[in-house]
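Just below is one structure, and these are the notes that go with it.
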Amino acid sequence: MFRKSETARLRWLFDKARTLLSNGSALAASRNFLGPLIPKRLLMSVVPLTSIRFSRLLLTGAAGSLGQVLRPRLKAYCDTLRVSDISDLAAAGAGEETVQCALEDAEGVKTLLAGVEVVVHLGGVSTEKPWATVLPANIAGVVNLYEAARLNGVKRVVFASSNHAIGFYRQSETIDNKVLSKPDGFYGLSKAFGENCAQLYWDRWGIETVSLRIGSSFPEPRDRRMLSTWLSYDDLERLVVASLTAPQVAHTIVYGMSDNRAVFWDNSGAKHVGFKPLDSSERFRDAIEAKQPTIDRNDPAAIFQGGSFVKATPHG
Ligand code: NAI
Ligand code: 15L
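See below:
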């Protein structure tokens, strides 16, 4: 174990290396060279996936679970990372700007997007909640975001949609990115709305979006369903970076899953985004199956892709 000061020194060293490498053209070579020398987890945090850099990248929902994962990683892809949330964001680090802002505050969101080149939009309600909670954050909030993007000339948004926009398809089906939405609750409904909003702003104002129908992005899959839906944090970074940098995306929907063995989703319609997951849930299978030896085949949570969300109720 490193002492705290040693860890801080290592982090400083990695940040320096990452900055240097992100400016270089020998990026792939660096990864190939460093690959055998340092563990994969460190490699992901040291070497960026591309040398493309944006002037100012906005990350909303930066105080949340995935926001905290992406905040340090996205720095390598921009000169300035503006991070935003309704919650506390801690102090701005080097190359960062922090803006505390509620998505339902239309004027605040307009200011939030000033000078921004690209947006990674994670902010909002992320589980099933009463409509009164979902409405301001995920309906008004997403309209405010796109209006602000239009007024500020933002070119591309990466929108964190969710598998709950299609949660009422069966786990026995394989669906592609062209199917009609089948939300499994108010939360899923708001994500389907967000995808439609993205489509409107592409068709009418030419703002590109990649809508990420994220499965389950956690350090490890937690149950049998997540063996299909799991998206590792490294693959999340790969997905977001591919979505930000693909030459042309119009409005594309991509399923956010790792290279899992048994999946519900077919990403062949989104090949142009160039997302290539490298992780797989398979290494967790034995442990998950031991922890959850049987499943009730009549349980809606085991029948539908949305899992327990299809029966989650905030309605009292
Ligand atoms: P989270 O709940 O940890 O983070 C969401 C962040 O949004 C929070 O920090 C919260 O303070 C902020 N927020 C909530 N309401 C807001 C408002 N009115 N104005 C401004 N900020 C507000 O969620 P997580 O897990 O980090 O997910 C990030 C995004 O990805 C969410 O949009 C979620 O719906 C989506 N997603 C996540 C999945 C996962 O497995 N973690 C799966 C599918 C989708
Ligand atoms: C989501 O949309 C949620 O944000 C996340 O907390 C997970 O529950 C995930 O879906 C899932 O379906 O596993």
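Sequential numbering of the sequence shown, starting at 0, is according to numbering that gives the first Met the number 0. All C-beta atoms in this analysis are idealised placements derived from N, C-alpha and C, irrespective of residue type, glycine included. Here the structure is a predicted model, which is why all the values come from computation and not from measurement.
Bridge-paired residues (DSSP) for residue i
i: Y254; result: R212
i: S83; result: T59, V98
i: W229; result: S215
i: W264; result: I174
i: E207; result: R155
i: S169; result: Note that residue 169 corresponds to Arg in the displayed sequence, not to Ser. Per DSSP, F303.
i: C77; result: F53
i: S160; result: R212
Nonlocal neighbours in the same chain, by C-beta distance under 7 Å from residue i, ignoring five residues either side
i: V262; result: S227, M256
i: G107; result: C100, A101
i: G315; result: Here the model assigns G315 a pLDDT of 46, short of 50, so the residue's position is not dependable, and the following value carries that caveat. Counting only Cβ-Cβ distances below 7 Å, and skipping sequence neighbours, we find nothing.
i: V142; result: C196
i: R260; result: S279, E281
i: V98; result: R81, S83, L111
i: V302; result: Correcting the residue identity first, residue 302 is Ile in this sequence and not Val. Once the five neighbours on either side are set aside, the close Cβ partners of I302 are R169, Q170.
i: L88; result: A61, A62, V82, T97, Q99
i: P313; result: E127, K128, P129
i: V272; result: V209, A241, S242, A245, V248, T251, V253
Buried versus exposed, by CB contacts within 10 Å (16 or more), residue i
i: N297; result: exposed
i: I165; result: buried
i: K154; result: exposed
i: S83; result: buried
i: Q304; result: buried
i: W204; result: exposed
i: F308; result: buried
i: E127; result: buried
i: T208; result: buried
i: L48; result: buried
i: G152; result: exposed
i: S267; result: exposed
i: P292; result: exposed
i: I294; result: exposed
i: A311; result: buried
i: L56; result: buried
i: P246; result: exposed
i: A25; result: For A25, the predicted model reports a pLDDT of 41, less than 50, meaning its position is unreliable; a value from the coordinates is still stated below. The residue is exposed, with fewer than 16 neighbouring Cβ atoms inside 10 Å.
i: T59; result: buried
Beta-carbon contacts of residue i that lie in its chain and below 6 Å, excluding the five residues immediately before and after
i: Q198; result: H250
i: G187; result: H163, A164, G166
i: D78; result: S54
i: S231; result: S257, D278
i: A27; result: With a pLDDT of only 42 at A27, under the threshold of 50, the placement of this residue in the model should not be trusted, and no figure is reported.
i: Y145; result: C196, Y200
i: I206; result: A148, Y200
i: R224; result: G306
i: I85; result: A101
i: G122; result: T59, G60, L102
Minimum Cβ-Cβ distance from residue i to chain D less than 8 Å
i: L188; result: The chain inventory of the structure shown lacks chain D, comprising one protein chain alone.
Beta-carbon proximity list for residue i, same chain, < 8 Å, skipping 5 on both sides
i: L150; result: K109, L112
i: S90; result: Here residue 90 is Ala; the residue named in the question, Ser, does not match the sequence. Answer for A90: T97, listed in chain order.
* Asked: So which residues touch the region around the ligand ADP, with touch meaning a C-beta under 5 Å from any heavy atom?
  -> Looking for the ligand ADP in the displayed structure turns up nothing; the ligands present are the ligand NAI and the ligand 15L.
* Please confirm if the region 280-287 is in contact with the region 217-231, defined as three or more CB-CB distances below 8 Å between the two stretches. => The region 280-287 makes contact with the region 217-231; the number of CB pairs closer than 8 Å reaches 3 or more.
* Taking 8 Å as the threshold, find out whether the region 182-192 comes into contact with the region 225-242 through three or more Cβ pairs. => Cβ pair count under 8 Å is below three, so no.
* Asked: Quick one: any contact between the region 167-177 and the region 125-133, if contact means 3 or more CB pairs under 8 Å?
  -> At 8 Å Cβ cutoff, the stretches do not touch.
* Asked: Unbroken beta strand (DSSP E) runs of length 3 or more, entirely within the region 113-158: which are they?
  -> Correct list: 117-120.
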